[in-house]
Amino acid sequence: MQAQTAVNTFVHETGGWVASQLEACTRCGMCAEACHFYQGTGNPELAPVWKVELLKRAYEQRFTIIGKLKLATGIDHHVTDDNLLHWSKIVYEACTLCNKCSMVCPMGIQLGPLIHEVRTGLSAAGMVPADLMSAVHKQEAEGSPLGVTDSVYDDRLEFFEDEYEIKLPVDKKGADTLVVFSSIEIMKYPGNIAAIAKILNAAGENWTLSHAGREVVNFAFFEGDNEETVLFLKRIFDAAKDLGVKRIVVTECGHAYDAIRWTAANLMDVPEGVEITHIAHLLGELVRTGRIKLKEGMYDNGGTITFHDACKIQRRGGHIQEPRDVLHVLAPKSFKEMIPNRAEAICCGGGGGVIAIKEADPYRYAAFELKVDQLKKVGASTVVMGCSNCRLQFDDCVQHFNLDVKVAGLSQMVADALIE
Amino acid sequence: MKAGTIYDELARGGISRREFMKICGLLAGALGLTSVPPVDVNAAYDALRKPDGLVNLVAEALQTKPRLPVIWLEFQDCAGCTEALTRSHDPTLVNLVLNTIDIEYHETLFAAAGAQAEAAKEAAIKKYAGQYVLVVEGSISPGSGQIYCTIGGRGSGDLLQEAAANAFAVVATGNCATFGGLPRANPDPTGAVGVMDLVTDKPVINVPGCPAIPEVFTGTLFHLLVFGAPPELDSLKRPMPFYANTIHDRCLRRPYYEAGLFADSFDDDGARKGYCLYKLGCKGPTTYNSCATIKWMEGLSFPIQAGHPCLGCSEPNFWDGGGFYQGQSAPLLRPAAALAAGAGAVGLVLGAGMATANQAQKKRAHPTEQHKE
Amino acid sequence: MNWLAILDFARGPFFEVALLVFIGGLAYRLMRILLLGWHFDRIKPAGSKLGGALISYLRGILIWPFIPWVRNTFSKNPVIYIAGGLFHLGLFAVIFLDAAHILAWQSLLGFGWPSLVTPIVDWLAAIAIVAMILLFINRLVNPVLKLISGPAEWLNLLFVFIPMLSGYIMAHHLFFAYEVNFSIHMLAVDILLIWIPLSRISHFMFYFFARAIHGADFGKRAVIP
Ligand code: SF4
Ligand code: SF4
Ligand code: SF4
Numbered sequence: 041m042q043a044q045t046a047v048n049t050f051v052h053e054t055g056g057w058v059a060s061q062l063e064a065c066t067r068c069g070m071c072a073e074a075c076h077f078y079q080g081t082g083n084p085e086l087a088p089v090w091k092v093e094l095l096k097r098a099y100e101q102r103f104t105i106i107g108k109l110k111l112a113t114g115i116d117h118h119v120t121d122d123n124l125l126h127w128s129k130i131v132y133e134a135c136t137l138c139n140k141c142s143m144v145c146p147m148g149i150q151l152g153p154l155i156h157e158v159r160t161g162l163s164a165a166g167m168v169p170a171d172l173m174s175a176v177h178k179q180e181a182e183g184s185p186l187g188v189t190d191s192v193y194d195d196r197l198e199f200f201e202d203e204y205e206i207k208l209p210v211d212k213k214g215a216d217t218l219v220v221f222s223s224i225e226i227m228k229y230p231g232n233i234a235a236i237a238k239i240l241n242a243a244g245e246n247w248t249l250s251h252a253g254r255e256v257v258n259f260a261f262f263e264g265d266n267e268e269t270v271l272f273l274k275r276i277f278d279a280a281k282d283l284g285v286k287r288i289v290v291t292e293c294g295h296a297y298d299a300i301r302w303t304a305a306n307l308m309d310v311p312e313g314v315e316i317t318h319i320a321h322l323l324g325e326l327v328r329t330g331r332i333k334l335k336e337g338m339y340d341n342g343g344t345i346t347f348h349d350a351c352k353i354q355r356r357g358g359h360i361q362e363p364r365d366v367l368h369v370l371a372p373k374s375f376k377e378m379i380p381n382r383a384e385a386i387c388c389g390g391g392g393g394v395i396a397i398k399e400a401d402p403y404r405y406a407a408f409e410l411k412v413d414q415l416k417k418v419g420a421s422t423v424v425m426g427c428s429n430c431r432l433q434f435d436d437c438v439q440h441f442n443l444d445v446k447v448a449g450l451s452q453m454v455a456d457a458l459i460e
Numbered sequence: 023m024k025a026g027t028i029y030d031e032l033a034r035g036g037i038s039r040r041e042f043m044k045i046c047g048l049l050a051g052a053l054g055l056t057s058v059p060p061v062d063v064n065a066a067y068d069a070l071r072k073p074d075g076l077v078n079l080v081a082e083a084l085q086t087k088p089r090l091p092v093i094w095l096e097f098q099d100c101a102g103c104t105e106a107l108t109r110s111h112d113p114t115l116v117n118l119v120l121n122t123i124d125i126e127y128h129e130t131l132f133a134a135a136g137a138q139a140e141a142a143k144e145a146a147i148k149k150y151a152g153q154y155v156l157v158v159e160g161s162i163s164p165g166s167g168q169i170y171c172t173i174g175g176r177g178s179g180d181l182l183q184e185a186a187a188n189a190f191a192v193v194a195t196g197n198c199a200t201f202g203g204l205p206r207a208n209p210d211p212t213g214a215v216g217v218m219d220l221v222t223d224k225p226v227i228n229v230p231g232c233p234a235i236p237e238v239f240t241g242t243l244f245h246l247l248v249f250g251a252p253p254e255l256d257s258l259k260r261p262m263p264f265y266a267n268t269i270h271d272r273c274l275r276r277p278y279y280e281a282g283l284f285a286d287s288f289d290d291d292g293a294r295k296g297y298c299l300y301k302l303g304c305k306g307p308t309t310y311n312s313c314a315t316i317k318w319m320e321g322l323s324f325p326i327q328a329g330h331p332c333l334g335c336s337e338p339n340f341w342d343g344g345g346f347y348q349g350q351s352a353p354l355l356r357p358a359a360a361l362a363a364g365a366g367a368v369g370l371v372l373g374a375g376m377a378t379a380n381q382a383q384k385k386r387a388h389p390t391e392q393h394k395e
Numbered sequence: 027m028n029w030l031a032i033l034d035f036a037r038g039p040f041f042e043v044a045l046l047v048f049i050g051g052l053a054y055r056l057m058r059i060l061l062l063g064w065h066f067d068r069i070k071p072a073g074s075k076l077g078g079a080l081i082s083y084l085r086g087i088l089i090w091p092f093i094p095w096v097r098n099t100f101s102k103n104p105v106i107y108i109a110g111g112l113f114h115l116g117l118f119a120v121i122f123l124d125a126a127h128i129l130a131w132q133s134l135l136g137f138g139w140p141s142l143v144t145p146i147v148d149w150l151a152a153i154a155i156v157a158m159i160l161l162f163i164n165r166l167v168n169p170v171l172k173l174i175s176g177p178a179e180w181l182n183l184l185f186v187f188i189p190m191l192s193g194y195i196m197a198h199h200l201f202f203a204y205e206v207n208f209s210i211h212m213l214a215v216d217i218l219l220i221w222i223p224l225s226r227i228s229h230f231m232f233y234f235f236a237r238a239i240h241g242a243d244f245g246k247r248a249v250i251p
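Next up, the structure:
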């Protein structure tokens, strides 16, 4: 029964976009070489092509004559609930939707987005890991998966203002820029909030926060539930409309950026004339135009600094060059690239909701081994990134693997280097 | 020494023993044999294993056997094979062999005509029953009530069967008599067939070519004379001594083929340099014959040497087996543009139909629709 | 058995039918996808979709984006990458640049083009054959490929391998008479033509979809160019 729902969802979601890519796959298996989960564990079931197998089977069985023949002759079988269980495990626990695999696939198949489609089917069938599901419910009920309710939000902001001696404008009508933090930052990396506030104030930006649109993280997008995704996005867009802002700046959260910048308009009506951008882009712009001044070479004497590309901000977000421009100012001598990097970078292994699922921990650690390797090869003593979800993963794994590496957020480094 | 042998005749003509042995040596070459053919004919073969064995074998045959009686029938032909034979001049191997046979009936060469000629043929069939070799030139039209190709009011099928019944062996010469040749080419109005399609109870030897190489034809006849049995034949009943290799195998342009150097037209640089003619349609790679070794005009040259691709004239279906000047790798049939477009259109329509059905399926699978059900 | 008759059949009616199946089958596959419905992309692009798609094609063809030793991706299994690339290189050289095949194209299309010299084509063909054997072994032992390979995948390999091998044997006049090798080659080609629309060998058609989608997405997000 659940299988039926999943297959129906696949059928409904499958247009030329999905079908042509499924048809293009040659079953060469190259994508496996790209996936950090397969490389970390050696488990063939974690190969990207296998993760979309469920969608492929549904497509073949329902849309093609060959698929129907395969069913009739027993070469293939109907999708079962057990199948859903298997795929639920591999697509939620062992895929960060990082889309690295598409860089390697000789056909260029967009495996990440296709796996997102698989998640959509599984979510319709209710086959979502419990941890992820409860986070979605919590976000639905409380406005945030980490329990940042209105009052918690106020408490936290008040605390930050005291602690860091900054002004945090909330619900300011007529502001140009609406900044939406993720609850990870609010609960775990308050330094980020202070840093971004400091930078924006230094640049003389007319900005505001919002109660209604206080959470940029979108756990329904992790889950693949389009309806809920829209619901959560709407909260932010409504806030933007209410406040009449010209742009929305997403802070250090990658998946949220993918949802609001690159997906929202295809799922719902988005307010017109509101630009959506990422803090990484804004930082680059502020430095380039000279609206903020930084102490050049400030971090040059603390050992090698390297930059971790967050899949959803760099490879999927396009803000590859800006952080590098900033780092070339901050640490022109000690900044060194890991290999591979930029669009081909290796994912941290914690995104796509993986870090929120307890059962996924072994996969998560295994995947991070590739990162450990990279860090060691480049000899990094500090690793910088622009995504707080990556940062959670790095913090946890640095401890787990006992690495002597400092994990830093880009905004914080910029804020610390500001020349007032 | 028996009376009436070939040797007797030669001796009467003033040929000395010495000259006779010289002729035998020359004739041995006509067999196309440089070694013992792996034919299980008779013990005479032991003689071959000795030095001069072949010459002695020929000498022995000429001293013990009378001239070989031959009846020559022509059906749907152009007399090209006959022409090729008779145009060889003295003193050639061909003529030497021709001196060892007696042509009892031949429409083109015969002085007699009409009922007189037919009577002579009937007489020969009776007189040499079981001894004569029947040579057939031209294809036969056994169908359509035998209205095509009649001689003296009789159809070619009947004439062939009648003459073959008493023959000791049948030699089909030229591509027409062997595989149907030009008459059999599309649209084949006469339903032409070769000898082996009709004669099944006698040894049939095919000597295809267009025309057959005279040396190959006479060599085959001479083999029958010397050994009293056909040479070893390939699957198409062609004598192995002459048809074991392809033209391509023995072609003087082969090194160019291997090097990938081809003439692209008949008057380009490649053609002048003598490059391989594959691209100009050469059928040498699939054609079994002796052109490249025996050659034509007493070994002077052959088509490929003269700059023309092999047409494949010793193979079945050579008229319809691809254009003479079209490379052999090209397909024989290709769908006409309209047919290809038609197939494409059928595909497009069926595909569109499937897509529409799938679209409907997608709608039915819509989550809200499902709730309604 | 008369091989020449088999050859005439394989070069004649069978080839014609196979080609029609090939054309019709691919048209069917194409249409089924084209008309399945495409969403209009309402996302405001940050870069050029067209530019991205073009770069994506170039990368796909020039292969440089993931040269293993640079990108550090194929360090664990370089065979799969190198053999795959060499196989396609050899295959294309043989199909499109071999003198004999150009004659076939010429008769089908009405025009031809210069060929690559035979010894080079020959080497590329040999390399492609060796590469195919490596790919075959890789499919036998690689855990991922073992998992995702069904009967169709093995048949794909077989139906491509036979024309390649028979063509090579024929070009070198090995083992059997020329017309026998030629017949086997043509029969195998005909079977392949029929098999292509039924199988994933048709990826050469959907390649253009997937590459365009990939490039447009990356171009839209200003990742490339
Ligand atoms: S999107 Fe990333 S995590 Fe998911 S299968 Fe591809 S490479 Fe692996
Ligand atoms: S790399 Fe691409 S073509 Fe190869 S198996 Fe993976 S998805 Fe399919
Ligand atoms: S000319 Fe003909 S027979 Fe001679 S090598 Fe070329 S293809 Fe072969």
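Protein chains in written order, with our numbering: chain B, 41 to 460; chain E, 23 to 395; chain Y, 27 to 251. Cβ atoms here follow ideal geometry from the backbone N, Cα and C, with glycine treated the same way.
Can you give me the C-alpha to C-alpha distance between residue i and residue j, rounded to a whole angstrom?
i	j	result
ARG226(Y)	ALA126(Y)	27 Å
LYS34(B)	CYS145(B)	This structure cannot speak to residue 34(B), because chain B is shown only from 41 to 460.
PHE235(Y)	ALA64(B)	8 Å
LEU410(B)	GLY80(B)	7 Å
PHE244(Y)	LEU240(B)	29 Å
LEU224(Y)	TRP127(B)	27 Å
TRP94(E)	ASP256(E)	24 Å
ASN258(B)	LEU191(Y)	55 Å
PHE221(B)	ALA242(B)	19 Å
PHE97(E)	SER178(E)	6 Å
LEU333(E)	PHE232(Y)	43 Å
THR45(B)	ASN266(B)	15 Å
Does the CB of residue i have a neighbour CB from chain Y at under 8 Å?
i	result
PHE324(E)	no
LEU302(E)	no
SER142(B)	yes
PRO252(E)	no
ARG67(B)	yes
ARG364(B)	no
ALA374(E)	yes
Taking the alpha-carbon of residue i as reference, which of the options has the nearest alpha-carbon?
i	options	result
LEU274(E)	ALA234(E), TYR265(E), ALA328(E), MET319(E)	ALA328(E)
PHE262(B)	VAL168(B), CYS437(B), LEU218(B), ALA280(B)	VAL168(B)
ALA365(E)	ALA203(Y), PHE40(Y), ASN28(Y), ILE49(Y)	ILE49(Y)
TYR339(B)	GLN361(B), ILE332(B), ILE353(B), LEU367(B)	LEU367(B)
With a threshold of 8 Å between beta carbons, is residue i in contact with chain B?
i	result
ALA387(E)	yes
ILE239(Y)	yes
Within the 8 Å Cβ cut-off, does residue i reach chain E?
i	result
PHE477(B)	Since the first and last residues shown for chain B are 41 and 460, residue 477(B) lies out of range.
GLU266(Y)	Within the shown structure, residues of chain Y are numbered from 27 to 251, placing residue 266(Y) beyond reach of any answer.
ASN48(B)	yes
TYR194(Y)	no
Task: Sequence ranges, alpha helix (DSSP H) only - wholly within the stretch 190-222 of chain Y, length at least 4 - done: List check, alpha helix (DSSP H) in window: 204-221.
Task: Uninterrupted alpha helix (DSSP H) stretches inside the stretch 143-189 of chain B (no shorter than 4 residues) - done: Runs of the alpha helix (DSSP H) inside the stretch 143-189 of chain B: 151-164, 170-182.
Task: Any residue whose CB is nearer than 5 Å to a heavy atom belonging to ligand 3, listed in chain order - done: Those satisfying the condition are, in chain order, ILE269(E), HIS270(E), CYS273(E), ARG275(E), ARG276(E), TYR279(E), CYS298(E), LEU299(E), TYR300(E), CYS304(E), GLY306(E), ILE326(E).
Open item on the list: Please give me, in chain order, every unbroken run of the alpha helix (DSSP H) with length at least 4 that falls completely inside the stretch 148-229 of chain E.
Closed with: Listed in chain order, they are 178-187, 196-201, 203-206.
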